[in-house]
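Have a look at the structure below before the remarks.
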Amino acid sequence: MTHKILLLNGPNLNMLGTRQPEIYGRETLAHIEQSCQARGQALGLTVDCRQSNSEGVLVDHIQEARQNHQGIIINPAAYSHTSIAILDALLASDLPVIEVHLSNIHKRDAFRHHSYVSKAASGIVCGFGARGYLMAIDAMADILQPQREA
Ligand code: CA2
60 MTHKILLLNG PNLNMLGTRQ PEIYGRETLA HIEQSCQARG QALGLTVDCR QSNSEGVLVD
120 HIQEARQNHQ GIIINPAAYS HTSIAILDAL LASDLPVIEV HLSNIHKRDA FRHHSYVSKA
180 ASGIVCGFGA RGYLMAIDAM ADILQPQREA
């Protein structure tokens, strides 16, 4: 069976590749999404990609994933540090969740050290740049298809 997963990116991540490459790298979001879809395909996963700058739209996508997807990979961006609404939506989804951050949030400003979203996550990848998304796809494949041959 092919599993469908939602790759969700939060505010300002549509700007990737244009500013602050020393923190977030040079890859565009479109390129990251394509790489994730290719990796997913190789592992038997369909990867649906969405990005929004709006908290409510992110919550809507998470709610819809309950019907349409078997797992969620999310970089909630700044909402990681503020959003109980996104945490509640993820908890209610009853789906496996992997949280991704491009940067190592623990090496940065103190206000980035806490993520509300982490409470809903099976695991967290942070500090590996765009590669972290591919690591999350691999981990999600393991969660959804534990019998899969490596
Ligand atoms: O490291 C990450 O992935 C973050 O989730 C990125 C968020 C930040 O608020 C989190 O603390 C850590 C910020 C995303 C902003 O992305 C930009 C990309 C290019 C240019 C400007 C902003």
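My numbering puts the sequence shown at residues 60 to 209.
All C-beta atoms in this analysis are idealised placements derived from N, C-alpha and C, irrespective of residue type, glycine included.
What you are looking at is a predicted structure, and each value in this text was computed from that prediction instead of being measured.
- Excluding residues up to 5 positions away in sequence, Gly-69, Ile-145, Val-176 lie with their Cβ nearer than 6 angstroms to the Cβ of Pro-135 in the same chain.
- Counting only runs that start and end inside the stretch 77-132, the beta strand (DSSP E) elements of at least 3 residues fall at 104-110.
- The straight-line gap separating the alpha-carbon atoms of Asp-197 and Arg-85 is approximately 22 angstroms.
- Contact between Arg-125 and Leu-65 does not hold, since their C-beta atoms are separated by about 10 angstroms, which reaches or exceeds 8 angstroms.
- When C-alpha distances from Gly-130 are compared across Asp-153, His-140, Leu-117, the shortest belongs to Asp-153.
- Proximity of the beta carbon of Met-194 to the ligand CA2 is not indicated: no heavy atom of the ligand is located closer than 6 angstroms.
- Using a Cβ distance threshold of 7 angstroms, Ser-111 and Leu-104 do not count as a contacting pair.
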